[in-house]
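Novice:
Numbering (the numbering used here), first residue to last: 4 to 199.
Below, the structure written as structure tokens:
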């Protein structure tokens with residue numbers, strides 16, 4: 004028999020909301036590896052209060068990224084319905100890379116959580132992985148990307164671009180240049196496209 008989760012007390016809800024707001028600011032300022040104790044201190048709560056709400060960094064990041072993940076999922080759903088597989092995949096990769104640049108260290112945290120069934124962040128990002136897999140599969144079936152390409156390959160390459168550009172002063176421009184080269188490399192060789 005399952006029991007419904009009890010609603011939070013008003014003070015617990017306030018602490019939760021304050022921790023989330025402070026965490027967003029701290030992660031924006033210092034990146035995803037910001038000290039959790041520093042977040043608790045800034046929120047004027049003890050570390051125990053933070054860990055009661057968020058047992059680990061993954062859980063905190065998943066909560067901070069909830070709106071981000073939902074927006075990415077919604078936009079991904081629209082692209083999955085797009086009749087142009089190559090264009091949809093291209094737009095998805097640009098969208099994903101832009102989202103990964105939201106916080107320094109985010110791409111590394113998401114990569115580390117991928118495939119971890121116990122990770123709250125991995126669970127929160129699963130729709131992102133599913134969308135990428137669907138879009139890569141559609142493009143491969145349509146012959147607009149290399150036949151040996153996997154969604155995991157593309158996922159790692161885009162995260163790699165996010166990782167190597169996150170501390171550059173021209174991060175967005177550098178990431179866009181690299182993604183343009185990557186997308187061109189995803190296309191099948193000319194002789195394969197011609198049916199040779």
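Think of the CB as a built atom: it goes at the ideal place given N, C-alpha and C, for glycine as much as any other residue.
Among the residues of its own chain, which have a CB less than 7 Å from the CB of residue 62, if the five just before and after it don't count?
Specialist: Locating residue 62 in the chain shown gives position 59, where the first residue counts as 1. These residues qualify, in order along the chain: 123.
Novice: Ignoring anything shorter than 4 residues, give me the alpha helix (DSSP H) runs that lie fully in the segment 105–191, in order along the chain.
Specialist: As far as the segment 105–191 is concerned, its whole alpha helix (DSSP H) runs of at least 4 residues are 109–116, 123–145, 154–168, 174–189.
Novice: Under the rule that 16 or more other beta-carbon atoms within 10 Å means buried, what is residue 184, buried or exposed?
Specialist: The residue you call residue 184 lines up with position 181 of the chain shown. Residue 184 is exposed by the Cβ-count criterion.
Novice: Considering only their Cβ atoms, is the gap separating residue 105 from residue 71 smaller than 8 Å?
Specialist: The residue labelled residue 71 in the question sits at position 68 within the chain shown. The residue labelled residue 105 in the question sits at position 102 within the chain shown. Yes, the pair counts as a contact, with Cβ atoms nearer than the cut-off.
Novice: Can you tell which of 182, 158, 126, 187 has its C-alpha closest to the C-alpha of residue 73?
Specialist: Start at 1 with the first residue of the chain shown, and residue 73 comes out as number 70. Cα-wise, what sits closest to residue 73 is 126.
Novice: Kindly list the residues whose CB is nearer than 6 Å to the CB of residue 171, restricted to its own chain and excluding five residues on each side of it in sequence; keep chain order.
Specialist: Along the chain shown, read from residue 1 onward, the residue named residue 171 stands at position 168. Only 177 meet the Cβ criterion.
Novice: Cβ-heavy atom distance between residue 62 and the ligand FMN below 7 Å?
Specialist: The ligand FMN is not among the ligands present in this structure, which contains no ligands whatsoever.
Novice: One question on the structure: do residue 36 and residue 110 come within less than 8 Å of each other, judged by their Cβ atoms?
Specialist: Within the chain shown, the letter at position 33 stands for residue 36. Within the chain shown, the letter at position 107 stands for residue 110. It is not a contact, given that the beta carbons lie outside the stated cut-off.
Novice: Quick check on DSSP: helix, strand or coil for residue 261?
Specialist: No statement about residue 261 is possible, as the shown extent of the chain runs from 4 to 199 and does not include it.
Novice: Below 8 Å between beta carbons: does that hold for residue 165 and residue 82?
Specialist: Here residue 165 corresponds to residue number 162 of the chain shown, with the count starting at 1. Here residue 82 corresponds to residue number 79 of the chain shown, with the count starting at 1. No, these two residues do not count as a Cβ contact at 8 Å.
Novice: Less than 8 Å between the beta carbons of residue 34 and residue 107, yes or no?
Specialist: Position 31 of the chain shown holds residue 34. Position 104 of the chain shown holds residue 107. For residue 34 and residue 107, yes; Cβs fall inside 8 Å.
Novice: Could you give the residue range of the alpha helix (DSSP H) that holds residue 47?
Specialist: For the purposes of this step, residue 47 is taken as the residue at position 44 of the chain shown. Element bounds for residue 47: n/a, residue is neither H nor E.
Novice: Looking only at C-alpha atoms, which of 193, 192, 163 sits nearest to residue 182?
Specialist: What you label residue 182 is simply residue 179 of the chain shown in a count that begins at 1. Answer by Cα proximity: 163.
Novice: Assuming residue 36 is part of the alpha helix (DSSP H), what are its boundary residues?
Specialist: Taking the chain shown and counting its residues from 1, one reaches residue 36 at position 33. First-last for residue 36: undefined, no H or E at that position.
Novice: Going by the CB atoms, is the gap between residue 48 and residue 64 shorter than 8 Å?
Specialist: Here residue 64 is taken as the residue at index 61 of the chain shown, counted from 1. Here residue 48 is taken as the residue at index 45 of the chain shown, counted from 1. Against a cut-off of 8 Å, the Cβ pair of residue 48 and residue 64 comes out as no contact.
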